[in-house]
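Each residue of the sequence shown is one higher than the one before, counting from 468 in the working numbering.
Just so it is clear, CB atoms sit at the ideal spot from N, CA and C, and this is done for glycine as well.
As the structure is a computational prediction, the values presented were derived from the model and not from experiment.
Here is the structure we will look at, set down as C-alpha cells.
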Amino acid sequence: MTHASPTPSESSPPEGGGRHLADDASSGIDTALAERAETSGATGPADAWAPEAEPMEGEKAAAAAKRAKAETIGRYVAMFVMPVLMVGMMIWGYLFSMHNPTPHNMPVVVAGAGASSLSQAIESSEPDAVEATTAENAEEARWQVTDREVAAAVVVEGETATLYTATSAGASQATTITQLVTPSLIEAGLSIKSEDLAPLPDSDPAGLGAMFMATALVMAGYLPLSITLSNAPTLMRFRRFVPLLAGWAALVAGLTWLVTGPILGVVSSDDGWAVFGIAALGVFAIGAVQLFLTRIMGPMAVLAAMFLLMVLGMPASNLSISIYTAPPFYVFLHSFLPTPAIGEAMRSVLYFGGNGAWPHLLVLIIGAVAGLALTLLIDALKRRKNPTPGLVMVNMPSLHGGPRPKTRFWRYASLIFFPFAMVALMLSCMLGAMQSPTPRDMPVAVVGASTQQAQQAVDGMNERLGDMFDLRVVESSNEAREQVEDREIVGAFVLPSRENPQATVITNQSAGSSAEQTVTRVFTQVAQAQQLEVVNDDVAPLPERDSMGSVTLYVAMGWIMAGFMIIVVGANAAPASRPLRKLLPIVAVYSVAMSALIWLIAVPFTGSVDGHFWQLLGTGVVVTFCVAMFATVLERLMGLLAIIPVVGVLMFLGVPSSNGALSIYMEPELFRGLHEWLPMPAAVEAAHSILYFGSDTLGTSLLCVMAWGAASLVLVAIIDKFKPVRTTSPVIMVPAHGSETVHFRELAEKAEREAAEAAAAEVPDGAASRPEGGSGSGDKELVNA
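Okay, here's the thing in C-alpha cells:
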C-alpha cells in the first residue's frame, strides 16, 4: 500500500513580523505576541506588531539561505527514505517468512489403541516438524481439530488409522500435516483413511475469503489516518475523531458485506451480521491504536502500522501460510496482532459456525480500549505542557493535485473516497479473481502410441472434464516435453505405449506451482481410474529456497512498488522535483538504488534467490523507472488520488493476472487477457525467466515494460506543455483545535504591512491599526479562524 510522505513542518515565512508569526504555529499566537512585546520593550499592542530592528542584510541572507538549503535537503531525503523503508521492509518481511515455509512443532493428537507409542513414533520421525500428544478418546481428538488446537488427529481402531484434518483451518496446513504423519502410519502397518472435519465451502473453495477481507480491513483501519493527518489535521481531535472513526468502521463493514456477500457470494446471508460486526470492530480497533501512534510519531506512524499490520501481521495471520510453517516467533505474534485476530475471527464465522471467535474478538476490543486510553493520556500530558495550542501545517493541502477545495464537503469527501475506493478495489479485484480457482481451458498436450489413440483419449476426457482443459494432440513425448519446458502449455499426459508401459504426467513447477499441482492431481486420477501406473516428470522443479514459487512475485512487487512510491512521495515531499528535467535523473538514480536493495534483500538477507545479480539489477532498474513514468502521468492529472488507478492497475489487477499468485488459467478470462499487457505480469515473467529458464523470454517481458515507460514519458511531456507543473506547495496553517484554514504567508505579510503602516503613522499606544477584525481581532483570527 502506498502513503503520502510527510513534508517538513516548518515553513519559511517572510522576514520581520512574518518570521515571528511562523513561531506562532508551535507556541500559540498570544504567547508569541507577549514574548515579542516583552523582548522589545513594547508597551502596547501596536508595539507588539512593530517590526524589530533589522539585522544586517548579509546575516539575513545567510540565515535565509541556510534555512532554505536545510529544507531542500530534508525534502529530498524524505523523497528517498520513505519509499526505501516502505518497500524494503515489506519485501523483506514477505520473502523472509514465506519463501520456504518449513514446519515447526506442528501439533497432532493421537487417540485409540497404542496411542502413546504411535505418538512417540510420529514425533521421532520428524522431531522438529511435529509435536505429537495423546487424547483420551476419538471424540476429544476430533474436537481438538475442529477447535483448531491441533493441525490433525489420528484415531486408531484395530488395523485402521483415521487421519482427521480441517481444510478450513488452512488447506496448506492440512496437506503438510498429512505428508508428515502418513509415513509413520504406514511404517506402523496401519491402513489409512482420511476425513476432513471442516471442508471449505463451495462458495470459497480456496479459503481466501478470510485472508482478503482481513487485508482490506487492516488497510481501512490505518490508511485514512495518514491521509487525514496530512490533509485535515483538525479532524484528529479526540472528540471529533472517535465518532468519525465509528462511522467509517460501519461504512467499511457495510462495503465488505456488500462485496463479499451479495456480489461475490463468499459470505452467506446467515453470516452477514457476524461479518459486519467483526469488520466494524477490526477497523475501529486498528484506527484507535493508529490514533495513538500518530500522537507520538506524527505522519511517521504509517511506517509503524505497515510494519506491525502487514510486514509482521500477514505472515503471523495463519491465512497465507500455516502459522506452524512460518519462523517460530510468528506463533507468538499470532496471539495479539490485529491482522491475525481479524482473520481468525472471520475464519471462525465463515467456516466453523463462530466457534473460537471470541478470543480473537477480545484482542480487538482490548486493542481499541488501550488505543483510546493511551491517546487521552498523551493529549492530557500535551495540554499540561502547552495549554495554548498553536497552529499546525497542512502537509498535503489537496488530494487531487489542484487548489485546496474551499468547502468542507469536498475536502472531506475526497478523504473518504480515497480509502473507500482502495478497499472496494482490493475486495472486488483480488478476491473476485481468486476466490474460486477452477481450471478453464488450461492447455495440456496428450500423447498416444498413435495420433488416433491420442485423439480418442482427448474426446473421452473432454466429455468428463468439460472445459477445464484445452486438450491437444501432440505426436511425441519429446515434442510435448519441449512445449512444457517452453511454457507453451502447462503440462502433458503421455499414454502408455509398448516402449513405456506407464502413463506419464509432464509438468513445469517453476512456471507455476498451482498449475503444476492441478495437472498432476487431475491426470493422476484419470490414469488411476483406468488402472494405470503413473509417473510424474517435472521438467523444472522449484528449488528448496522457493518451495512455494512465490519469490518471483515478491521480487516483481518490490520493483513495481518502488516505481510508483517515488512519484507519490516525491510529489508531496519535494514538489520542486516534479519538472521532468529534474525528475528523470532522480528517478534513474533511485531505480538503480532500489533494484540493488531488492537484490540484497532477496539474495544475502533472506536467501530466497541465488545469484543473477546483473540480470535482476538491470531488469529491476527498467521496471522501476518505467512504472515511475506511468505513475507520473496519473499524478500529473490527479494528484495523490492517482494512487487509486495506479495501485488498481499495477497491483489489484496486476497481481491476479501475473501468473505468480495463481495460474491465469484458474481465474476469470479477463485476467488471462491482461497477462499479456500489464507491467506486473511482465515483471513476474521476467523474474521467472531469469531465475529458472536462463533468461529465455526476458527480452519480450522487458519490451512490454519499456513500451509502458516510453508511452508514459511522451504523455508526461505532452501534459506538461499544457498544464503548468506545480513546484511548490502552499503553506497552509490550521489551528490545532479549529476547523478552518489560514493561508499563513498571506496573513503574515498582511500583518507586517499593517504594522509598518501603524508605526509610520506613530499611532499612540492602544490605538494601533491591527489586522482586520478591529481591536484585538488579528491574533484571534489566526488562532480561531
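Supposed close pair residue i, residue j - CB separation, criterion 8 Å
i	j	result
I589	S651	5 Å
T806	M773	T806 to M773, Cβ: 11 Å. No contact.
V579	E624	Looking at the sequence itself, residue 579 is Gly, so the reference to Val does not match. About 6 Å separates the two Cβ atoms, so the contact holds.
L898	T634	In fact, because the Cβ distance is near 19 Å, the residues do not count as touching under 8 Å.
A970	E1000	7 Å
A978	R954	5 Å
N567	S1014	5 Å
A808	V778	So it is not a contact: roughly 17 Å between Cβ atoms.
A620	A608	4 Å
N1039	M901	No, N1039 and M901 are not in contact; Cβ-Cβ is about 33 Å, not under 8 Å.
P570	T792	5 Å
S789	G637	5 Å
G1087	I1065	6 Å
Rounded separation between residue i and residue j - CA only
i	j	result
G1255	S670	One cannot answer for residue 1255 here, as it falls past the ends of the chain, which runs 468 to 1252.
S1062	G1025	8 Å
Y689	L1129	28 Å
D937	P910	5 Å
I845	F705	11 Å
V1054	V1151	21 Å
V1036	I540	15 Å
P1071	G1078	9 Å
A720	I730	15 Å
E930	W1175	43 Å
L562	A1154	14 Å
L500	L1084	Low confidence applies to L500: its pLDDT is 37, below 50, so where it sits in the model is not reliable, and the reading given next is rough at best. Approximately 57 Å, taken between the alpha carbons.
P1123	C896	8 Å
S1125	M678	19 Å
M1032	Y1057	11 Å
P518	Y879	With a pLDDT of 45 at P518, under the threshold of 50, the modelled position of this residue cannot be trusted; read the value that follows with caution. Taking the straight line joining both Cα atoms gives about 39 Å.
K660	M1173	54 Å
W1144	G1121	10 Å
I1185	A1098	15 Å
A1275	A665	Outside the displayed span of the chain (468 to 1252) sits residue 1275, for which this structure offers no information.
Q922	V940	6 Å
S697	A599	52 Å
S564	L800	13 Å
T1208	T695	With a pLDDT of 42 at T1208, under the threshold of 50, the modelled position of this residue cannot be trusted; read the value that follows with caution. Cα to Cα, the separation comes out at about 14 Å.
G511	T842	Summary for G511: the model assigns pLDDT 42, below 50, so the residue's position carries little reliability; its value from the coordinates is reported in the next sentence. When rounded, the distance between both Cα atoms is 40 Å.
M703	T1167	49 Å
According to DSSP, residues forming a beta bridge with residue i
i	result
R939	A912
A578	V622
N1003	V972
G1115	DSSP, once it has assigned bridges, lists no residue as partnering G1115.
E662	Y631
G958	V911, T974
M860	M1200
A599	V575
Reference residue i; option with closest CA among the options
i	options	result
A959	E966, A947, E952, A970	A947
M889	I1111, L647, T682, F743	I1111
F708	G915, S658, F759	F759
A717	L748, R988, D737	L748
M680	G1161, L828, A812	A812
P550	L848, A1060, N945	A1060
F819	A537, V554, H1079, D663	D663
Q587	A528, V648, P570	V648
A1149	F1160, L1169, G810	L1169
G1161	S815, R814, E952	E952
K1188	P1046, V1018, V1201, I1157	P1046
N975	P1008, N945, E949	P1008
P1146	L684, G869, M1133, S1179	S1179
F1092	A824, I1034, V544, V750	I1034
S1075	A1095, M1096, S1017	S1017
M546	P1135, A1095, M1133, A1041	A1041
A683	F1119, T645, Q984	F1119
S1044	Q919, A530, S917, R542	R542
At 4 residues or longer, what runs of the alpha helix (DSSP H) sit wholly inside the segment 679-751?
If we require 4 residues or more, the alpha helix (DSSP H) runs fully inside the segment 679-751 come out as 705-725.
Mind pulling the alpha helix (DSSP H) runs of 4 or more residues that sit fully within the segment 1065-1108?
Runs found: 1080-1105.
Go through the segment 737-818 residue by residue and report every complete run of the alpha helix (DSSP H) that reaches 4 residues or more, in order.
If only uninterrupted alpha helix (DSSP H) runs of at least 4 residues are considered, those enclosed by the segment 737-818 are 739-764, 768-772, 796-800.
Quick one: which unbroken beta strand (DSSP E) runs of 3-plus residues sit fully inside the segment 873-917? Chain order, please.
Listed in chain order, the complete beta strand (DSSP E) runs (minimum 3 residues) inside the segment 873-917 are 909-914.
Every unbroken alpha helix (DSSP H) inside the segment 980-1059 [4 residues or more]
The qualifying runs are 980-996, 1018-1040.
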